[in-house]
Amino acid sequence: MESSFGTFELNNGIHIPCIGFGTWQTPDGKTAVDSVKYAIETGYRHIDTAAIYGNEKSVGRGIRESGINREDLFITTKLWNTHRAYEATLKAFDTSLKNLGLDYLDLYLIHWPANKADGAKINSDTWRAFEKLHRDGLVKSIGVSNFLEHHLRSLLDGAKIIPAVNQIEFHPGQMQNETVSFCKSNNILVEAWSPLGTGRVLDNPALMEIARKYSKSVAQLCIRWILQNGILPLPKSITPSRIKENTEVFNFDISDDDIRAINSMPYFGGSGLNPDTVTF
Ligand code: A2P
């Protein structure tokens, strides 16, 4: 797959455009259609949605109306928690594909690990369905989201296919080092949701000062910092100027010292969601 942004190579040899357009909290309807269309016009080739976002139909419409060939786009959606295990997963996938109006997906993710006593079995059953969807050619790559090291270890135990991706919350102050290093050592690409801390990191004085040095916005600094950490950012915006701004991150390099300074920032806010304790 070609992308003006460059790509990461997944563990199955497939290339994934190195910035994805996030759509969490993008309202369904015209806003989602227009922002997806505008993102594609601006050069994004990778769109990330999820069944629970409630905007798959509009995201699909934006994709179709962009006029870009399907095979030049990389589309991800995610299985919601109420549809885990084998049969329910197959049905939920079918619904997502229909909502998007597509005949295959590039990447399908388990949105959150099941975390109750029988969680490991449920995650394995879900993963068997993912492997079938992959075998049947309906999805080119399969992966997970919000999996911690212990969820991954137990999934890998019975898996025929190693997840290509783990999408986790990742932004300054919340780097999930243990999960990231486990993923890197198992050749699982980490994707960053909430790369701007859902907007929370943008007025951080330390980040503002570093961004000024490079004549970049804090949003651009965060996106570039994520890329330089070997992680794939998924910035979300419904604002045309910001959608474009978030792609203008390839004409500067953050110095090693500044990377280290951002890497060592303490936690200063995030979603607060812990995969081991969430109740949804
Ligand atoms: P909006 O969608 O109204 O443009 P994250 O990607 O971490 O989830 O952050 C998304 C939030 O950050 C949204 O509120 C989005 O606002 C805002 N945002 C995205 N890009 C920028 C930017 N370049 N400058 C300022 N705010 C941004």
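In our numbering, each number is its position in the sequence shown, counted from 1, plus 514.
For every residue, glycine included, the Cβ atom is placed at its ideal position computed from N, Cα and C.
Three-state secondary structure (DSSP) of residue i
i: Lys630; result: coil
i: Glu705; result: strand
i: Ile533; result: coil
i: Lys750; result: strand
i: Tyr728; result: coil
i: Leu721; result: helix
i: Ile582; result: coil
i: Ser518; result: coil
i: Phe644; result: helix
i: Thr545; result: helix
i: Glu523; result: strand
i: Ile589; result: strand
i: Ser638; result: helix
i: Ser655; result: strand
i: Phe771; result: Checking the displayed sequence, the identity of residue 771 turns out to be Asp instead of Phe. Note: Asp771 maps to helix in three-state DSSP.
i: Thr712; result: helix
i: Leu787; result: coil
i: Ser484; result: Nothing can be reported for residue 484, as the shown portion of the chain is limited to 515 through 794.
Proximity of residue i and residue j at Cβ, strictly below 9 Å
i: Leu748; j: Cys736; result: no
i: His801; j: Pro627; result: Residue coverage of the chain in this structure runs from 515 to 794, which leaves residue 801 outside it and unanswerable.
i: Ser731; j: Leu746; result: no
i: Met758; j: Thr556; result: The amino acid at residue 758 is misidentified as Met; the sequence shows Lys. It is a contact, given that the beta carbons lie within the stated cut-off.
i: Ala553; j: Leu593; result: no
i: Leu611; j: Gln681; result: no
i: Asp620; j: Ser655; result: yes
i: Gly574; j: Leu616; result: yes
i: Met779; j: Gly687; result: yes
i: Val679; j: Ile530; result: yes
i: Phe661; j: Ile740; result: no
i: Asn629; j: Pro754; result: no
field: Sequence-ordered residues whose beta carbon comes within less than 6 Å of a heavy atom of the ligand A2P
entry: Gly536, Ser708, Pro709, Leu710, Gly711, Thr712, Gly713, Leu716, Ser731, Ala733, Pro749, Lys750, Ser751, Ile752, Thr753, Arg756, Glu759 and Asn760
field: Sequence ranges, beta strand (DSSP E) only - wholly within the region 548 to 577, length at least 3
entry: 560 to 562
Secondary structure, alpha helix (DSSP H): runs of 4+ residues fully inside the region 657 to 706: 663 to 672 and 691 to 699
field: Entirely enclosed alpha helix (DSSP H) segments - the region 596 to 626, minimum 4 residues
entry: 600 to 614
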